[in-house]
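Residue numbers (the working numbering): 29 to 287. Just so you know, even glycine gets a beta-carbon here, dropped at the ideal spot from N, CA and C.
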Amino acid sequence: MAKKLIIANWKTAPDSLAEAETIINTVDELLASLGEQEKFSLIICPPFVFIEEVARMLGSGHLAQSALLGAQDIAPLDTSALTGEVSGSMLVKLGVRYVIVGHSERRWKLGESDEVVNKKLRLALDHKLTPIVCIGEHIREGRWHEEIVTQVQATFAGIPAVDIDRCLIAYEPIWAISTASGAYPDTPVSALQSIKIIRETLNGLGAIAPRFLYGGSVTESNASKFLAVPEFSGVLIGGPSVRREEFLKILTDAIFLAR
Ligand code: PGA
Numbered sequence: 029m030a031k032k033l034i035i036a037n038w039k040t041a042p043d044s045l046a047e048a049e050t051i052i053n054t055v056d057e058l059l060a061s062l063g064e065q066e067k068f069s070l071i072i073c074p075p076f077v078f079i080e081e082v083a084r085m086l087g088s089g090h091l092a093q094s095a096l097l098g099a100q101d102i103a104p105l106d107t108s109a110l111t112g113e114v115s116g117s118m119l120v121k122l123g124v125r126y127v128i129v130g131h132s133e134r135r136w137k138l139g140e141s142d143e144v145v146n147k148k149l150r151l152a153l154d155h156k157l158t159p160i161v162c163i164g165e166h167i168r169e170g171r172w173h174e175e176i177v178t179q180v181q182a183t184f185a186g187i188p189a190v191d192i193d194r195c196l197i198a199y200e201p202i203w204a205i206s207t208a209s210g211a212y213p214d215t216p217v218s219a220l221q222s223i224k225i226i227r228e229t230l231n232g233l234g235a236i237a238p239r240f241l242y243g244g245s246v247t248e249s250n251a252s253k254f255l256a257v258p259e260f261s262g263v264l265i266g267g268p269s270v271r272r273e274e275f276l277k278i279l280t281d282a283i284f285l286a287r
């Protein structure tokens, strides 16, 4: 089985650098105790305030071989005059390799338009970062397929097919994200139906082999079900990725699944 990607989207947690260090040390100890470093790739996307320190922490120990750094966002313009933003070149200098683009919390809670997401995506690609592009519908009812198709077309508008194939596409139904009221996870079977729609739309834009992740209420009780499906290159984990015990259980399952 191909090595799976486990992406930890820490969002606006943890509260302190000391807690971030504890999470990272715990993961490192797990890898040391199991003697396994090569079974999955872990991508940690900390809040910007911790990114430099986390980069340093990931540079040593067992994590140095299996963990890479991701960012949760990227500035939509390459300029040194954009107050509050963090540019692609800054991310690259910090050792960031992946960047989340179009997360639903930015699209829908902060009003980030498809046009802005598209600009961020272009800049991520220009900076040779691997974009983790989030796509998902509000509710699985009515014309939800159309919502997905429109979102995919607008997000990837004008992006060359070869670049679309460099992206990781995270199918994250908004209703499944743990912060949504009454959120519950999708199932692998149903998520595969959505992925089929996304894949067909991307094929229509010329992409040949886009890679997919699942995200939205991935927990220790369902992560291995998604990781076992060949069509998913991995999972995108929010809340549980800063809850040490849960996160360790997910990583342990991923290691055993890959054995
Ligand atoms: P969740 O978040 O795992 O807490 O549902 C996933 C995400 O928002 O990327």
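Measuring straight from C-alpha to C-alpha, what distance separates Thr50 and Pro42? 10 Å
Do the CB positions of Ile79 and Leu33 come within less than 8 Å of each other? In this structure, Ile79 sits away from Leu33, with a CB-CB distance that is not shorter than 8 Å.
Distance cut-off 7 Å: Ile278 Cβ against heavy atoms of the ligand PGA: no
Inspect the beta-carbon positions of Leu285 and Leu255 and report whether they are closer than 8 Å. yes
Among Val180, Leu264 and Pro159, the one whose alpha carbon lies nearest that of Glu248: Leu264
Cβ of Gly116 within 7 Å of any heavy atom in the ligand PGA? no
Helix, strand or coil: which one does DSSP assign to Ile205? coil
Using only CA atoms, which one of Ile52, Ile167 and Asn146 lies nearest to Glu273? Ile52
Among Leu157, Val270 and Val120, the one whose alpha carbon lies nearest that of Ala46: Answer by Cα proximity: Val270.
According to DSSP, Arg239 sits in a beta bridge with which residue or residues? Leu196
Can you list, in chain order, the residues of its chain with a C-beta nearer than 8 Å to that of Asp154? Leave out the 5 residues immediately preceding and following it. Asp106 and Gly116
When DSSP labels each residue in this structure, what does Gly87 get in the three-state scheme? coil
Just to check, is the beta-carbon of Glu165 closer than 7 Å to a non-hydrogen atom of the ligand PGA? no
I want to check one thing, is the minimum distance from the CB of Asn53 to the heavy atoms of the ligand PGA below 7 Å? Look at Asn53: its beta carbon is at least 7 Å from all of the heavy atoms in the ligand PGA.
Just the Cα atoms here: how many angstroms apart are Leu151 and Leu220? 29 Å
Under 8 Å between C-beta atoms of Ile245 and Ile202: Going by the sequence as given, residue 245 is Ser instead of Ile. It is not a contact, given that the beta carbons lie outside the stated cut-off.
Quick check on the DSSP output: the alpha helix (DSSP H) that includes Gly116 runs from which residue to which? Gly116 to Lys121
Buried or exposed, going by whether 16 or more other CB atoms sit within 10 Å of the CB of Val161? buried
Cβ-Cβ distance between Val177 and Leu149 below 8 Å: no
Are there any heavy atoms of the ligand PGA lying less than 7 Å away from the beta-carbon of Ser245, as far as the coordinates show? yes
Should Ser206 be counted as a contact of the ligand PGA given a C-beta to heavy atom distance under 7 Å? yes
By the DSSP assignment, the beta strand (DSSP E) with Val127 in it spans what residues? Tyr126 to Val129
Are the Cβ atoms of Ala251 and Asp214 separated by less than 8 Å? no
With Ser269 as the anchor, note down where its beta strand (DSSP E) starts and where it stops. Where Ser269 is concerned, there is no enclosing beta strand (DSSP E), given that its DSSP letter is neither H nor E.
How big is the Cα-Cα spacing for Gln93 and Phe68? 10 Å
For the putative contact between Gly267 and Ile35, defined by C-beta atoms under 8 Å, what is the C-beta separation to the nearest angstrom? With 8 Å as the limit, Gly267 and Ile35 do not qualify as a contact, their Cβ atoms being about 13 Å apart.
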